[in-house]
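A.B. asks: Residue numbers (the UniProt record's numbering): 1 to 463. The C-beta atom is built at its ideal place from N, Cα and C for all residues, glycine as well. Values in this document were obtained by computation on a predicted structure and should not be read as measured data. Supplied in structure tokens, the structure appears directly below.
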Ligand SMILES: [Zn+2]
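As structure tokens, then:
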């Protein structure tokens, strides 16, 4: 029998003795030993509540079950697995589908007996009830709003149609536009440039005449697109079918954070954040505006070289023009850059996870050891620190599953479509100019000899 043990403790519970991970683990190991079972994997989840199944170890467990690596899932108590009847029902269904039995070390849920089957039937009935109750609660909230004279939402959000009974249908054409907006944002476009592109393509929003900065931002921040329904302060997860995956949604939110940090740091100057000094090992360059001369220039804070924006942009635009129009030039510039794939080394990360796990076991053993002089709070703090690291790694791993690396060929195709780049750039305001440049470049390094009128040369990496 290949047994997987699953132990979980939430942040609140960590302080309570009986729930501690070491205690759960000891009990589960002893249970397996008494049954003559072999433990093939231990899934230890700390600092996670049971409110949903979105927990790293739970996800891993389900993955391994689907691979057929597990015969039995053993927990200390049912509530370690989940506190939601609905989630339990879904879990049990998955277990059944992959021929996995489920056991609790302290309670009787043996699904191979009549009693066990009755239990499952009850769980199913309760899950159904929970589901209906959930829908009812939402409806109740909406009815209340209607009574108060507020119509729910006024109209359905773009991509969806909610009828008067609150049933939801996806409008496929609109859903595709939503997905495109998410995709473009990940590709480096900003709100404004996405809006422009959609307007150019003749794609219309539902009510307004055209897309703009705000309507794009609203779509990119609305978690209705991953199935969440918000009504006042009520939040219902998985209320309706999603249009974008949770991974993509999270990626966009993270990217948005990054960009706003960038923006804050770089302020209003077009090239700050992008431009670095090649003479000083890529030191950042800072923009300023000279009121007397009415000119913007950039200064390297290290070597103090000052260069006028106009001169840099001139070289830069010429460069972009060449990249767009000549595939040969593009390839000669970049084929070497993309030769070595910059993919995330998943196996190194997995090894790192193993290491963290081993380290955590050491802390657990200390925890169980009555003669150990380290205070328990300190051990918790150390374990929590490792948990944070673990979470980060899981996040990176899930991102790399999502990320399909753009090949150099695809990069060229994307960039070569910007045929009117120069014209667009020249007509744009500073904000959009910046977005346009950020959509192409990741970093620009400028080299220049000291002294007036010396030629500028540029080196850069693409987004
Ligand atoms: Zn410098």
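How should residue 369 be labelled, buried or exposed, when 16 other C-beta atoms within 10 angstroms of its C-beta is the threshold for buried?
C.D. replies: For this step, residue 369 is matched to residue 369 along the chain shown. Exposed, since its Cβ has fewer than 16 Cβ neighbours within 10 Å.
A.B. asks: Please determine if the segment 348–366 and the segment 414–434 are in contact, where contact requires at least 3 C-beta pairs separated by less than 8 Å.
C.D. replies: Flag = no, the segment 348–366 and the segment 414–434 do not touch.
A.B. asks: Hey, is residue 10's beta-carbon within less than 9 Å of any beta-carbon in chain C?
C.D. replies: Absent from the structure is chain C; it holds one protein chain and no more.
A.B. asks: Mind checking residue 457: buried by the 16 CB within 10 Å criterion, or exposed?
C.D. replies: The residue you call residue 457 lines up with position 457 of the chain shown. With fewer than 16 other Cβ atoms within 10 Å, it is exposed.
A.B. asks: Check residue 288 in the structure and name its three-state DSSP category.
C.D. replies: Numbered from its first residue, the chain shown carries residue 288 at position 288. Three-state result, residue 288: strand.
A.B. asks: Report back the beta-carbon spacing between residue 123 and residue 90 to the nearest angstrom; my notes put them in contact at under 8 Å.
C.D. replies: Indexing the chain shown from 1 puts residue 123 at position 123. Indexing the chain shown from 1 puts residue 90 at position 90. A Cβ-Cβ distance of about 10 Å is found for the pair residue 123 and residue 90, leaving them out of contact under the 8 Å criterion.
A.B. asks: So does residue 372 have its beta carbon nearer than 8 Å to some heavy atom of ligand 1?
C.D. replies: Here residue 372 refers to the residue found at position 372 when the chain shown is read from its first residue. Incorrect: residue 372 has no Cβ contact closer than 8 Å to ligand 1.
A.B. asks: Please write down, chain order preserved, every residue whose beta carbon lies under 6 Å from a heavy atom of ligand 1.
C.D. replies: 277, 279, 280, 283, 300, 302, 303 and 305
A.B. asks: Contact defined as beta carbons within less than 8 Å: I believe residue 309 pairs with residue 271. What is the distance between those atoms, to the nearest angstrom?
C.D. replies: Here residue 309 corresponds to residue number 309 of the chain shown, with the count starting at 1. Here residue 271 corresponds to residue number 271 of the chain shown, with the count starting at 1. Right, the Cβ-Cβ distance comes to about 7 Å (below 8 Å), so this counts as a contact.
A.B. asks: Taking residue 23 as part of the alpha helix (DSSP H), name the residues at either end of that continuous run.
C.D. replies: In the chain shown, residue 23 corresponds to position 23, counting from 1. Note, residue 23: alpha helix (DSSP H), 21–35.
A.B. asks: Under the assumption that residue 243 contacts residue 159 (Cβ atoms under 8 Å), give the Cβ distance between them as a whole number of angstroms.
C.D. replies: As a first step, residue 243 must be located in the chain shown, where it is residue number 243. As a first step, residue 159 must be located in the chain shown, where it is residue number 159. Between residue 159 and residue 243 the Cβ distance is about 5 Å, and since that is below 8 Å, they are a contact.
A.B. asks: Which residue comes first and which comes last in the beta strand (DSSP E) that contains residue 41?
C.D. replies: For the purposes of this step, residue 41 is taken as the residue at position 41 of the chain shown. Here the beta strand (DSSP E) through residue 41 covers 38–46.
A.B. asks: Indicate whether residue 3 and residue 40 have their beta-carbon atoms separated by less than 9 Å.
C.D. replies: Here residue 3 refers to the residue found at position 3 when the chain shown is read from its first residue. Here residue 40 refers to the residue found at position 40 when the chain shown is read from its first residue. Yes; because the gap between Cβ atoms is below 9 Å, this pair is in contact.
A.B. asks: When the Cα atoms are used, what is the spatial distance from residue 360 to residue 51?
C.D. replies: What you label residue 360 is simply residue 360 of the chain shown in a count that begins at 1. What you label residue 51 is simply residue 51 of the chain shown in a count that begins at 1. Roughly 24 Å between the two C-alpha positions.
A.B. asks: Within the segment 420–454, note down every full alpha helix (DSSP H) run reaching 4 residues or more, in order along the chain.
C.D. replies: List check, alpha helix (DSSP H) in window: 421–427 and 430–440.
A.B. asks: Using a Cβ-Cβ cut-off of 8 Å (strictly less than) and excluding sequence neighbours within five positions of residue 106, which residues of its own chain qualify?
C.D. replies: For the purposes of this step, residue 106 is identified with residue 106 of the chain shown, where counting begins at 1. The residues are 27, 76 and 77.
A.B. asks: Where does the unbroken beta strand (DSSP E) through residue 308 begin, and where does it stop?
C.D. replies: Working through the chain shown from its first residue, we reach residue 308 at position 308. Segment 306–308, the beta strand (DSSP E) holding residue 308.
A.B. asks: Going by DSSP, what residue range makes up the beta strand (DSSP E) through residue 3?
C.D. replies: Looking up residue 3 in the chain shown gives position 3. Start and end: 2–9.
A.B. asks: Would you report the Cα separation of residue 383 and residue 10, rounded to the nearest angstrom?
C.D. replies: Against the chain shown, residue 383 aligns to sequence position 383. Against the chain shown, residue 10 aligns to sequence position 10. Approximately 13 Å, taken between the alpha carbons.
A.B. asks: Answer yes or no: do residue 192 and residue 216 have a C-beta to C-beta separation smaller than 9 Å?
C.D. replies: Locating residue 192 in the chain shown gives position 192, where the first residue counts as 1. Locating residue 216 in the chain shown gives position 216, where the first residue counts as 1. Contact flag set, yes.
A.B. asks: How is the alpha helix (DSSP H) around residue 71 delimited, first residue to last?
C.D. replies: Taking the chain shown and counting its residues from 1, the one referred to as residue 71 is at position 71. Counting along the chain, residue 71 falls outside any alpha helix (DSSP H), and DSSP gives it neither H nor E.
A.B. asks: Within the same chain, show all residues whose beta-carbon is closer than 6 Å to that of residue 156, passing over the 5 residues directly before and after it, in chain order.
C.D. replies: What you label residue 156 is simply residue 156 of the chain shown in a count that begins at 1. Only 162 meet the Cβ criterion.
A.B. asks: Once DSSP output is grouped into helix, strand and coil, what is the label at residue 459?
C.D. replies: For this step, residue 459 is matched to residue 459 along the chain shown. Here residue 459 sits in strand by DSSP.
A.B. asks: Could you check the C-alpha separation between residue 297 and residue 201 for me, to the nearest Å?
C.D. replies: Counting from one through the chain shown, the residue named residue 297 turns up at place 297. Counting from one through the chain shown, the residue named residue 201 turns up at place 201. Computed Cα separation, rounded: 36 Å.
A.B. asks: Look at residue 334 and residue 224 and say whether their C-beta atoms are less than 9 Å apart.
C.D. replies: Residue 334 sits at position 334 when you count from the first residue of the chain shown. Residue 224 sits at position 224 when you count from the first residue of the chain shown. Not a contact, by the Cβ cut-off of 9 Å.
A.B. asks: Give the list of continuous alpha helix (DSSP H) stretches no shorter than 4 residues that lie fully inside the segment 45–105.
C.D. replies: 56–66, 78–81 and 85–97
A.B. asks: Does the segment 61–71 come within contact of the segment 93–103, defined as at least 3 CB pairs closer than 8 Å?
C.D. replies: yes
A.B. asks: Between the Cα of residue 345 and those of 394, 113, 365 and 115, spot the shortest distance and give me the residue it belongs to.
C.D. replies: For the purposes of this step, residue 345 is taken as the residue at position 345 of the chain shown. Nearest of 394, 113, 365 and 115 to residue 345, Cα basis: 394.
A.B. asks: Indicate the three-state DSSP secondary structure (helix, strand or coil) for residue 264 in the structure shown.
C.D. replies: Taking the chain shown and counting its residues from 1, one reaches residue 264 at position 264. Residue confidence for residue 264 is low, a pLDDT of 47 falling below 50, so the modelled location carries little weight; the figure read from the coordinates is stated next. Here residue 264 sits in helix by DSSP.
A.B. asks: Please report the residue range of the alpha helix (DSSP H) in which residue 213 lies.
C.D. replies: If you number the chain shown from 1, residue 213 lands on position 213. From DSSP, the alpha helix (DSSP H) with residue 213 extends over 213–221.
A.B. asks: Quick one: give me the first and last residue of the beta strand (DSSP E) that residue 160 is part of.
C.D. replies: The residue labelled residue 160 in the question sits at position 160 within the chain shown. Looking at the DSSP string, the run of the beta strand (DSSP E) that includes residue 160 is 160–162.
A.B. asks: Taking all protein chains shown into account, do 16 or more other C-beta atoms lie within 10 angstroms of the C-beta of residue 207, making it buried, or fewer, making it exposed?
C.D. replies: The sequence position of residue 207 within the chain shown is 207, counting from 1. Residue 207 should be labelled exposed.
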